[in-house]
Amino acid sequence: MKELNRRAFLRIAGVSMGAAALYQFAPRLAFGQAVSNSMREANGEAPAPFRFAQLSDAHVGFNGPPDPLGTRAFEHAVELLNAAAQPPELVLFTGDLTHDAENRDEHANRMRKFKEIAGRLKTSKLYFVPGEHDAGLDGGQLYREFFGESSGSFDYRGVHFVGLDNVSRAKPEVGPERRAWLAKDLARFPQTAPIVVFTHRPLFDLKPEWEWFTSDGPEVMKVLAPFENVTVLYGHIHRRDLHTEGTATHYAARSMIFSFPDPQVAKAKKPMPFDHGDPFKNLGLRMIDETARGQIAVNDVELNVREFAGRSGIQQIIKAGVLG
Numbered sequence: 000m001k002e003l004n005r006r007a008f009l010r011i012a013g014v015s016m017g018a019a020a021l022y023q024f025a026p027r028l029a030f031g032q033a034v035s036n037s038m039r040e041a042n043g044e045a046p047a048p049f050r051f052a053q054l055s056d057a058h059v060g061f062n063g064p065p066d067p068l069g070t071r072a073f074e075h076a077v078e079l080l081n082a083a084a085q086p087p088e089l090v091l092f093t094g095d096l097t098h099d100a101e102n103r104d105e106h107a108n109r110m111r112k113f114k115e116i117a118g119r120l121k122t123s124k125l126y127f128v129p130g131e132h133d134a135g136l137d138g139g140q141l142y143r144e145f146f147g148e149s150s151g152s153f154d155y156r157g158v159h160f161v162g163l164d165n166v167s168r169a170k171p172e173v174g175p176e177r178r179a180w181l182a183k184d185l186a187r188f189p190q191t192a193p194i195v196v197f198t199h200r201p202l203f204d205l206k207p208e209w210e211w212f213t214s215d216g217p218e219v220m221k222v223l224a225p226f227e228n229v230t231v232l233y234g235h236i237h238r239r240d241l242h243t244e245g246t247a248t249h250y251a252a253r254s255m256i257f258s259f260p261d262p263q264v265a266k267a268k269k270p271m272p273f274d275h276g277d278p279f280k281n282l283g284l285r286m287i288d289e290t291a292r293g294q295i296a297v298n299d300v301e302l303n304v305r306e307f308a309g310r311s312g313i314q315q316i317i318k319a320g321v322l323g
């Protein structure tokens with residue numbers, strides 16, 4: 000693969016994993032001995048190859064038009080990751096783990112169901128940030144009971160990961176306290192450090208009239224601006240998207256429940272209709288690979304029915320009652 004400079008942290012690459020819509024990331028981190036040494040000094044570990052995955056918008060508890068599959072796409076994505084020749088070492092979930100419910104007990108049950116399905120993943124490292132459906136109604140109280148703090152950071156194999164809550168203030172924003180925390184969190188790193196931010200809403204104005212934005216996203220990006228290798232992973236828009244601004248590259252993940260149309264074409268924000276002939280159309284996940292040479296590649300493979308639950312063809316799925 001083509002060599003990347005320090006300002007080009009991500010590139011697109013194609014890989015087919017068979018039965019799912021899959022994004023595959025792989026970071027190019029080995030920019031030189033100086034960067035390797037600085038990262039070792041900052042977090043005690045130099046960059047090294049690894050694989051991780053991102054899933055988003057499972058909306059556990061949602062079942063009906065425009066999608067009657069319920070949790071089946073989510074469960075299928077878990078099966079796909081577990082069957083991969085190289086399973087991910089860690090998995091990031093970028094919000095809307097559940098569909099909200101005004102009844103607290105019902106919402107709690109949906110969170111338990113989400114944790115049960117996610118717990119099937121053959122990885123010991125799971126990280127979460129909330130979506131507005133998880134934390135919008137109660138300021139994230141129930142979410143924190145099930146998943147812990149809604150923002151946080153960690154280091155893994157020379158990469159610094161930041162989970163950023165931009166939904167629990169009852170409006171689409173990170174807030175001054177979390178922005179201050181972010182600046183403090185990043186203070187120990189050199190400008191060349193590879194930074195991966197995972198959040199729910201886009202940190203730029205993708206489609207404000209559709210609520211596809213974060214009100215203080217520009218302020219957040221100012222905090223990240225000094226760093227040369229920033230990747231932002233987000234969900235919320237239920238479709239894939241790539242946006243590059245300054246030294247940051249923003250990737251939106253597909254959802255696990257239904258998709259939204261292209262905002263450049265569609266006049267209204269309406270979920271795409273369910274396709275009985277292709278029930279997983281436009282649904283998927285993202286895998287992230289980091290090669291020995293430090294390269295991040297992004298691959299997108301759409302969920303399909305050919306290998307679903309070991310069956311062949313949509314008719315067998317319908318007969319089995321999967322479509323409800």
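At position 46 of the sequence shown (counting the first as 1) the number is 45 in numbering that gives the first Met the number 0, and the numbers step up by one without a gap. Glycine included, C-beta positions come from ideal geometry on N, C-alpha and C. Only a predicted model underlies this, so the values are computations on that prediction, with no experimental measurement involved.
Buried versus exposed, by CB contacts within 10 Å (16 or more), residue i
i: valine 264; result: exposed
i: serine 123; result: exposed
i: alanine 252; result: buried
i: glycine 245; result: exposed
i: aspartate 274; result: exposed
i: aspartate 215; result: buried
i: leucine 241; result: exposed
i: proline 193; result: buried
i: asparagine 281; result: buried
i: asparagine 102; result: exposed
i: arginine 238; result: buried
Residue i vs residue j beta-carbon contact at 8 Å
i: histidine 98; j: histidine 132; result: yes
i: serine 55; j: glycine 174; result: no
i: valine 166; j: glycine 135; result: yes
i: valine 231; j: alanine 247; result: yes
i: aspartate 184; j: valine 219; result: no
i: serine 254; j: methionine 271; result: no
i: lysine 121; j: proline 64; result: no
First and last residue of the uninterrupted beta strand (DSSP E) at residue i
i: glycine 151; result: 151-155
i: glutamate 244; result: 240-244
Given residue i as reference, the closest of the options once Cα atoms are compared
i: leucine 89; options: Glu172, Phe73, Asp154 and Pro64; result: Asp154
i: glycine 147; options: Arg156, Leu163, Gly157 and Leu136; result: Leu163
i: phenylalanine 127; options: Gly60, Asn108 and Ala52; result: Ala52
i: glycine 283; options: Pro48, Pro64, Glu44 and Phe92; result: Phe92
i: lysine 170; options: Val161, Asp66, Arg187 and Thr213; result: Thr213
i: proline 129; options: Ala83, Trp180 and Gly139; result: Gly139
i: glutamate 227; options: His237, Thr243 and Arg109; result: Thr243
i: aspartate 204; options: Pro48, Ala186, Ile116 and Glu172; result: Glu172
i: aspartate 95; options: Ala224, Phe188, Phe73 and Arg178; result: Phe73
Residue i in three-state terms, based on DSSP
i: histidine 249; result: strand
i: proline 193; result: strand
i: glutamine 53; result: strand
i: lysine 266; result: coil
i: leucine 202; result: coil
i: aspartate 133; result: helix
i: glutamate 227; result: coil
i: histidine 235; result: coil
i: leucine 185; result: helix
i: phenylalanine 160; result: strand
i: glycine 63; result: strand
Host alpha helix (DSSP H) of residue i (start-end)
i: leucine 91; result: Counting along the chain, leucine 91 falls outside any alpha helix (DSSP H), though it belongs to the beta strand (DSSP E) covering 89-93.
i: valine 128; result: Taken as a continuous stretch (DSSP letters only), valine 128 belongs to no alpha helix (DSSP H), being part of the beta strand (DSSP E) at 125-128.
i: valine 166; result: Note, valine 166: premise wrong, no alpha helix (DSSP H); not H, not E.
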